[in-house]
Amino acid sequence: MTETNTNHLSWDEWDELHNPPPAVTDFDRVVERAISRRGFLGGILAMGSAAAAMGTLGNLMNSTSAQAQEAASRFAFKPIPIATDNTVHVPEGYSWKPLAKWGQPLFSTASDIDPMKGVSLENSDKVFGENTDGMELFVIGDHQVIAVNHEYVNNETNLPHAPEGMPQSLDDVKILQNMQGVTVMEVAEGADGWQIVVDSPFNRRIHHNTPMKLSGPAAGSDLVKTAADPNGVDCLGTFNNCGAGKTPWGTYLTCEENFNGYFGTTNAEFKLPDDYKRYGIVAETRYGYEKFDERFDVAKNPNEPRRAGYVVEIDPSDASSTPIKRTALGRIKHENAAVAVARDGRVVVYMGDDERGEFLYKYVSNGIYVPGGDTSKLLDEGTLYVAKFSDEGTGEWLALTPETTGMKADEIAVFTRQAASKVGATTMDRPEWVAINPVAIEAYCCLTNNSNRAVMKDGKMRTNAGGDVMDVNAVNPRAGNEYGQIVRWYPDAEDHTSTTFKWDLFAMAGNPVVHKDAYAGSSNVNEGNMFNSPDGMMFDSTGLVWIQTDGEDSNEGDFAGQGNNQMLAGDPVTGRIERFMTGPKGSEVTGLTWSADKRTMFAGIQHPDAPFPDGEGKLPRSTIVAIKKDDNAKIG
Numbered sequence: 256m257t258e259t260n261t262n263h264l265s266w267d268e269w270d271e272l273h274n275p276p277p278a279v280t281d282f283d284r285v286v287e288r289a290i291s292r293r294g295f296l297g298g299i300l301a302m303g304s305a306a307a308a309m310g311t312l313g314n315l316m317n318s319t320s321a322q323a324q325e326a327a328s329r330f331a332f333k334p335i336p337i338a339t340d341n342t343v344h345v346p347e348g349y350s351w352k353p354l355a356k357w358g359q360p361l362f363s364t365a366s367d368i369d370p371m372k373g374v375s376l377e378n379s380d381k382v383f384g385e386n387t388d389g390m391e392l393f394v395i396g397d398h399q400v401i402a403v404n405h406e407y408v409n410n411e412t413n414l415p416h417a418p419e420g421m422p423q424s425l426d427d428v429k430i431l432q433n434m435q436g437v438t439v440m441e442v443a444e445g446a447d448g449w450q451i452v453v454d455s456p457f458n459r460r461i462h463h464n465t466p467m468k469l470s471g472p473a474a475g476s477d478l479v480k481t482a483a484d485p486n487g488v489d490c491l492g493t494f495n496n497c498g499a500g501k502t503p504w505g506t507y508l509t510c511e512e513n514f515n516g517y518f519g520t521t522n523a524e525f526k527l528p529d530d531y532k533r534y535g536i537v538a539e540t541r542y543g544y545e546k547f548d549e550r551f552d553v554a555k556n557p558n559e560p561r562r563a564g565y566v567v568e569i570d571p572s573d574a575s576s577t578p579i580k581r582t583a584l585g586r587i588k589h590e591n592a593a594v595a596v597a598r599d600g601r602v603v604v605y606m607g608d609d610e611r612g613e614f615l616y617k618y619v620s621n622g623i624y625v626p627g628g629d630t631s632k633l634l635d636e637g638t639l640y641v642a643k644f645s646d647e648g649t650g651e652w653l654a655l656t657p658e659t660t661g662m663k664a665d666e667i668a669v670f671t672r673q674a675a676s677k678v679g680a681t682t683m684d685r686p687e688w689v690a691i692n693p694v695a696i697e698a699y700c701c702l703t704n705n706s707n708r709a710v711m712k713d714g715k716m717r718t719n720a721g722g723d724v725m726d727v728n729a730v731n732p733r734a735g736n737e738y739g740q741i742v743r744w745y746p747d748a749e750d751h752t753s754t755t756f757k758w759d760l761f762a763m764a765g766n767p768v769v770h771k772d773a774y775a776g777s778s779n780v781n782e783g784n785m786f787n788s789p790d791g792m793m794f795d796s797t798g799l800v801w802i803q804t805d806g807e808d809s810n811e812g813d814f815a816g817q818g819n820n821q822m823l824a825g826d827p828v829t830g831r832i833e834r835f836m837t838g839p840k841g842s843e844v845t846g847l848t849w850s851a852d853k854r855t856m857f858a859g860i861q862h863p864d865a866p867f868p869d870g871e872g873k874l875p876r877s878t879i880v881a882i883k884k885d886d887n888a889k890i891g
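Per our numbering, the very first residue in the sequence shown carries number 256; after that it's consecutive.
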């Protein structure tokens, strides 16, 4: 085992520590190939210019110049410049306040965090968790309830007594376990702005030890049975909760992403199962759970990691309800789950697998959604698909079935990446959030970056963990891609259940100040709005797409002039993109939802390096901020 302190590594750096990229790069050749590919500087890859966004693929052919002018006026704010300081900035005429901060009590029996002592075990499941991520707001009667993810923890600040923040006891492990997962909380607006409703019956913490059910094809499979759960249906906890989703029937979908970092072993003689490699499961973990909690020791419980990596459905209206892991939606490093109801009533869920060279997925239910009807099987019984993109601007959804993969249904649900490799899916540049346009039949996915695409060693192309080649292609056209892009697709026949689609690139992030080639970005990226690593993405009710970033904020070299991470608004009709918000230094801007009246926007600030939001001398705290227009007009 390595003695390296891995607490501050990003999850990508964690994976690369155990699967390092090649050191030799034939960069010039692959860049030349990328730029010379059919249509890179025009046609289907005009990358969000007004011409492309207004109908290159026929989606908006009937748009008129008057409509385009109207769309250009849809940005009800003056764009803001970059920032490099330690706070949040929003446009003139807007204001922000903290709504919920890491360690803030949800119940009157808990106290706020003590920066010198951290969070006590007694309080750890009664306060707002750390590192806020995806979230959704639900209207339940006269109440507004937010469900929000807590992706991971910073060990040192939760365990300030422990060397390098590593647990020294089972109690320490439980503190870390309790501070992650999901918060469900009621919120209300009063004279002092938005606040948590302390002691609300809706308030709840869901964490690494919360009882859950497995459902769908993997439930009851030998692949997920353990000594503690010989039936393979009762599991504990949800892990590394990243993006989110919302069903039409009012439930919350929390997505398990980098679950691999929680499972390991101290048994040096144990041979890791072959399937572990594809998901990045190694003997060493980030948190040291396995030293004190044998559930996380894979030598003792080799099936336990196969019970993580799913989309989990939570009922925010019932704090006593049991969350359900919907295995039919696949086991991957889920970023988020974007839900649509197709014209025939079937439920469609789009999902990205956030790792370099992994895939984009879609689930289509067998049954139809009927308001007020039985929804219990809609996310259990259906077909999972994976995307294959062509260089000609078309694509298809390849079904993952026993017939197409040669695998059993439970194997497809548990070893989804392997199934997708078998059918020849397109390797992507880290598919993160998917967003579905509410006013047009189209969907978008942030491909955040992939510094390893087309990296060479000994004349061979770089591959993902399954051996699938990460060559340049039209949808991922840049080698050593540190900036990312946003792909958009249009289901054929304007039907989200269709197995074919057309696609283009809405935007290619880049730096037009530093670069004059493909790395400058697309024509709708300029010195005034440039960004890198698009990550979070949500549509508002008017059809504007809000883009959140989680990238390099050094403001140097290739990233000079890009400042801190940010949130931008994009217009799908014109391709225009403008900066709306900047986060504090070191933070990721992630998670977005709106109040019921659309007069407040809630955005998440994750892992700030700065003493945010309480000011100098205070502890950095991940925070949800509430943003309002000063005239109380709608903003979404």
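Backbone N, C-alpha and C fix where the C-beta goes; we use that ideal spot for every residue, glycine too. It should be emphasised that the depicted structure is a prediction, and the values quoted were computed from it without experimental measurement.
Residue ranges of uninterrupted beta strand (DSSP E) with 3 or more members, entirely inside the segment 572 to 659 and ordered along the chain, are 579 to 581, 589 to 596, 601 to 608, 615 to 623, 637 to 644, 649 to 654.
Counting other Cβ atoms within 10 Å of its Cβ, residue 406 reaches 16 or more and is therefore classed as buried. Between residue 353 and residue 868 a beta carbon distance of about 5 angstroms is seen, short of the 8 angstroms cut, so the two are scored as contacting. DSSP, reduced to helix, strand and coil, places residue 543 outside both helices and strands of the structure shown, so it counts as coil. DSSP places residue 429 inside the alpha helix (DSSP H), whose first and last residues are 425 to 433. With a 10 Å radius around the Cβ and a threshold of 16 neighbouring Cβ atoms, residue 416 comes out exposed. Assignment of residue 455 by DSSP, reduced to helix, strand and coil, places it in the coil class.
Closest by C-alpha distance to residue 628, out of 704, 864, 505, is 505.
The beta strand (DSSP E) runs of length 3 or more contained entirely in the segment 672 to 697 are, from start to end of the chain, 686 to 691. Checking the DSSP bridge columns, you'll see residue 567 partnered with 509, 580. Scanning 520, 579, 552, 410 for the CA closest to the CA of residue 469 turns up 579. In this structure, residue 613 sits near residue 686, with a CB-CB distance shorter than 8 angstroms. Taking a C-beta distance under 8 angstroms as the contact criterion, residue 883 and residue 350 qualify as a contact pair.
Per DSSP, the unbroken alpha helix (DSSP H) holding residue 664 starts and ends at 664 to 669. Residue 441 counts as buried, since no fewer than 16 other beta carbons sit within 10 angstroms of its beta carbon.
By the Cβ neighbour-count rule, residue 427 is buried, with 16 or more other Cβ atoms within 10 Å of its own.
DSSP places residue 786 outside both helix and strand once states are collapsed to three, so it counts as coil. With contact defined as three or more Cβ pairs closer than 8 angstroms, the segment 376 to 390 and the segment 853 to 864 are in contact. When C-alpha distances from residue 669 are compared across 597, 561, 588, the shortest belongs to 561.
Per DSSP, the unbroken beta strand (DSSP E) holding residue 745 starts and ends at 740 to 746.
Beta-bridge pairing by DSSP links residue 760 to 742. Ranked by Cα distance from residue 847, the options 865, 796, 874 are led by 796.
Annotation: residue 429 to residue 743 spans about 42 angstroms, alpha carbon to alpha carbon. In the structure shown, residue 709 adopts coil according to DSSP, grouped into three states.
Residue 588 and residue 436 have their C-alpha atoms roughly 15 angstroms apart. In the three-state reduction of the DSSP assignment, residue 699 falls in the strand class, which pools E and B. The residue among 391, 645, 755, 769 with its C-alpha nearest the C-alpha of residue 810 is 769. Within the DSSP secondary-structure output, residue 528 pairs in no beta bridge. Residue pairing by DSSP places residue 393 opposite 400 in a beta bridge.
Rounded to the nearest whole angstrom, the CA to CA distance from residue 335 to residue 818 is 12 angstroms. In this structure, DSSP gives residue 410 a helical state, which the three-state scheme calls helix. A check of alpha carbon separations from residue 695 across 839, 750, 726, 716 identifies 750 as the nearest. The DSSP-derived three-state label of residue 267 is helix. Within the same chain, 381, 453, 454, 458 come within 8 angstroms of residue 362 by CB-CB distance, once the 5 residues on both sides are set aside. The Cβ atoms of residue 595 and residue 667 do not sit closer than 8 angstroms to each other.
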